[in-house]
Amino acid sequence: MTTLTVRLSTIADAKARFVEAGRRALAGETAEAVPSVNFTSYDDMHRVLAPSRLAIVKALAGHGALSIREVARRVNRDVQAVHRDVTTLVNAGVIDRTENGIEFPYDRIHFEYDVSAAA
Numbered sequence: 013m014t015t016l017t018v019r020l021s022t023i024a025d026a027k028a029r030f031v032e033a034g035r036r037a038l039a040g041e042t043a044e045a046v047p048s049v050n051f052t053s054y055d056d057m058h059r060v061l062a063p064s065r066l067a068i069v070k071a072l073a074g075h076g077a078l079s080i081r082e083v084a085r086r087v088n089r090d091v092q093a094v095h096r097d098v099t100t101l102v103n104a105g106v107i108d109r110t111e112n113g114i115e116f117p118y119d120r121i122h123f124e125y126d127v128s129a130a131a
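Its first residue numbered 13, the sequence shown is counted upward by one per residue in this note's numbering.
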């Protein structure tokens, strides 16, 4: 089962993970690649992964490439609205556009973030 991990993290955190991965590679260590999408704020994550867009991701999960028209049918929405949402999801790196259509090449999404009390 393949999983896309969605994270809330600062740019500094993302850089630190990148530097650590580079250090391990230079040391000859192998590390399992973890497909992930990082957002720097909850608002950005919620904008991209709004409920209507998550419905599109769910409709794509485990089904290979589908046409936008087929996805619109599966989520019972207008094709133009689904097209706009698909563009947002592709631009954010959540789904892929291929020559055969659009696809979510994972079986599930894992959300990884903390919520803490306001200061």
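No residue lacks a Cβ here, since even glycine has one placed at the ideal position from N, Cα and C.
Everything numeric in this text was worked out from a predicted model, so none of it was measured.
Could you give the first and the last residue of the continuous alpha helix (DSSP H) run that contains residue i?
{"i": "H58", "result": "54 to 60"}
{"i": "T100", "result": "91 to 103"}
{"i": "I107", "result": "Segment: none, I107 is in no alpha helix (DSSP H) and carries neither H nor E."}
Rounding to the nearest angstrom, what Cα-Cα distance links residue i and residue j in this structure?
{"i": "K70", "j": "A45", "result": "23 angstroms"}
{"i": "V18", "j": "E32", "result": "19 angstroms"}
{"i": "H95", "j": "H75", "result": "18 angstroms"}
{"i": "Y125", "j": "P63", "result": "18 angstroms"}
{"i": "F116", "j": "G105", "result": "10 angstroms"}
{"i": "R89", "j": "D97", "result": "11 angstroms"}
{"i": "L20", "j": "H122", "result": "12 angstroms"}
{"i": "G34", "j": "R85", "result": "43 angstroms"}
{"i": "E111", "j": "A129", "result": "46 angstroms"}
{"i": "H58", "j": "R36", "result": "33 angstroms"}
{"i": "S53", "j": "L72", "result": "25 angstroms"}
{"i": "F51", "j": "T22", "result": "8 angstroms"}
{"i": "T14", "j": "F30", "result": "21 angstroms"}
{"i": "R65", "j": "V83", "result": "11 angstroms"}
Determine the contact status of residue i and residue j, defining contact as a CB-CB distance below 9 angstroms.
{"i": "I68", "j": "V87", "result": "yes"}
{"i": "L16", "j": "R120", "result": "yes"}
Using 10 angstroms around the beta-carbon of residue i, count the other beta-carbons present and answer buried if the total reaches 16, otherwise exposed.
{"i": "Y118", "result": "buried"}
{"i": "V60", "result": "buried"}
{"i": "V102", "result": "exposed"}
{"i": "V127", "result": "exposed"}
{"i": "L38", "result": "exposed"}
What are the boundary residues of the beta strand (DSSP E) that includes residue i?
{"i": "S64", "result": "It is not in any beta strand (DSSP E) - S64 instead sits in the alpha helix (DSSP H) that spans 63 to 72."}
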